[in-house]
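Each residue of the sequence shown is one higher than the last, beginning at 15 in the working numbering.
No residue lacks a Cβ here, since even glycine has one placed at the ideal position from N, Cα and C.
Every value quoted in this text rests on a predicted model; they were computed, and no experiment measured them.
The structure appears right after this line, and notes come after that.
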Amino acid sequence: MSIQQIDVGIVFRPLETGRTSSGSSMRAIGHGPPNDPGSVKNRAFSHWILIFSTSSGSLQVELDNQYGTIVSQVRAFPHKIRAHNFAQYTGTFEDIRYLSDNHPMNGDTYSKTKNNCQHWAAHFLNSLRSYGDNYPPRNFRVTNYAVYEIILSVWKVTNMFKSRYGNVRTSYTKVFTSALRDYAKRFLKFW
15 MSIQQIDVGI VFRPLETGRT SSGSSMRAIG HGPPNDPGSV KNRAFSHWIL IFSTSSGSLQ
75 VELDNQYGTI VSQVRAFPHK IRAHNFAQYT GTFEDIRYLS DNHPMNGDTY SKTKNNCQHW
135 AAHFLNSLRS YGDNYPPRNF RVTNYAVYEI ILSVWKVTNM FKSRYGNVRT SYTKVFTSAL
195 RDYAKRFLKF W
């Protein structure tokens, strides 16, 4: 496939409580392509899905929690999916599939506080940017820094939480999500 301009975006799918097959207490509502990019204000409590779109189709790329183990999931759609776009990638859909298949978190244990869809998305974008920088004519160009910084801020919040409370534990989930919400509020004025 030839190199093309691909819009990079994110959608925030609401979570619902309940038991899943993996034993998780929360899961994303719906499994098809999102019709609505989701509320920016509730992103800390949403499932994060990366969307890569051209005029001819889209890829939906996300973390999937399979019985407590992280795996990447890629779905193709023959239309453009609405998303909060924040970058353009010059490359191919095969590049995106390759990076998803080789994501550093694949095979790790899922955690609501330190190994979740938010961390997965930030890692993926870091890999995509590096791939674009190192394999010309591929390129990753941020078009909306406010959105991009919010996505990457999940690492800052995790590190801030660890320095304040030590190792992340499930019992600290409420404190962590509160810290994430407070940190995100600082960036809402830019969204």
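Quiz item: If you compare alpha carbons, which of Val22, Ser60, Ile165 is closest to Pro28?
Solution: Counting from one through the sequence shown, the residue named residue 28 turns up at place 14. For the options Val22, Ser60, Ile165, the alpha carbon positioned closest to that of Pro28 is the one of Ser60.
Exercise. Starting from the C-beta of Arg62, find all residues in its chain whose C-beta is less than 7 Å away, skip the five residues before and the five after it, and write them out in chain order.
Key: In the sequence shown, residue 62 corresponds to position 48, counting from 1. Note that residue 62 is Trp in the sequence shown, not Arg. Only Ile24, Phe26, Cys131, Gln132, Ala135 meet the Cβ criterion.
Quiz item: Looking only at its own chain, which residues have a Cβ that is under 6 Å from the Cβ of Leu166, when we skip the five neighbours before and after it?
Solution: Along the sequence shown, one-based indexing puts residue 166 at 152. Same-chain partners within the cutoff: Ala136.
Quiz prompt | Which listed residue (Arg89, Val85, Ile95, Leu113) has its alpha carbon closest to that of Asp207 | solution = Because the chain here runs from 15 to 205, residue 207 falls outside it and cannot be looked at.
Practice problem: Within the same chain, show all residues whose beta-carbon is closer than 7 Å to that of Leu113, passing over the 5 residues directly before and after it, in chain order. | Solution: To locate residue 113, count along the sequence shown from 1; it is residue 99. Excluding residues within five positions, the ones whose Cβ falls inside 7 Å are Phe138, Ser141, Leu142, Tyr145.
Quiz item: Less than 9 Å separating the beta-carbons of Phe100 and Val161?
Solution: To locate residue 100, count along the sequence shown from 1; it is residue 86. To locate residue 161, count along the sequence shown from 1; it is residue 147. Taking a C-beta distance under 9 Å as the contact criterion, Phe100 and Val161 qualify as a contact pair.
Practice problem: Tell me whether Gln80 is buried or exposed, calling it buried when 16 or more other Cβ atoms sit within 10 Å of its Cβ. | Solution: For the purposes of this step, residue 80 is taken as the residue at position 66 of the sequence shown. Gln80 should be labelled exposed.
Practice problem: Might you give, ordered along the chain, the residues of its own chain that have their beta carbon closer than 7 Å to the beta carbon of Ala42, omitting 5 neighbours on each side? | Solution: Counting from 1 along the sequence shown, the entry for residue 42 is found at position 28. Any reading at Ala42 must be qualified, since the residue scores a pLDDT of 46, below 50, and its modelled position is unreliable; the value itself is stated next. Within the same chain, Ala42 has close Cβ partners Arg27, Leu29, His61.
Quiz item: If you drop the 5 nearest sequence neighbours on each side, which residues of the same chain put their C-beta closer than 8 Å to that of Ile17?
Solution: Taking the sequence shown and counting its residues from 1, the one referred to as residue 17 is at position 3. The residues are Thr104, Gly105, Thr106, Pro151, Arg152.
Quiz item: Excluding five sequence neighbours on each side, which residues of the same chain lie with their C-beta closer than 8 Å to the C-beta of Ala97?
Solution: Within the sequence shown, numbered from 1, the residue matching residue 97 stands at position 83. Within the same chain, Ala97 has close Cβ partners Asp21, Gly23, Ile24, Val25, Pro48, Pro51, Ile65, Ser67.
Exercise. Return yes when the Cβ of Ile110 is within less than 9 Å of the Cβ of Val75, no when it is not.
Key: In the sequence shown, residue 75 corresponds to position 61, counting from 1. In the sequence shown, residue 110 corresponds to position 96, counting from 1. Contact flag set, yes.
Practice problem: Taking all protein chains shown into account, decide if Ser69 is buried (16 or more other Cβ within 10 angstroms of its Cβ) or exposed. | Solution: To locate residue 69, count along the sequence shown from 1; it is residue 55. Flag for Ser69 reads exposed.
Quiz item: So, are the CB atoms of Asn120 and Val85 less than 9 Å apart?
Solution: Counting from one through the sequence shown, the residue named residue 120 turns up at place 106. Counting from one through the sequence shown, the residue named residue 85 turns up at place 71. Inclusion of Asn120 and Val85 in the CB contact set at 9 Å is warranted, their separation being smaller than that value.
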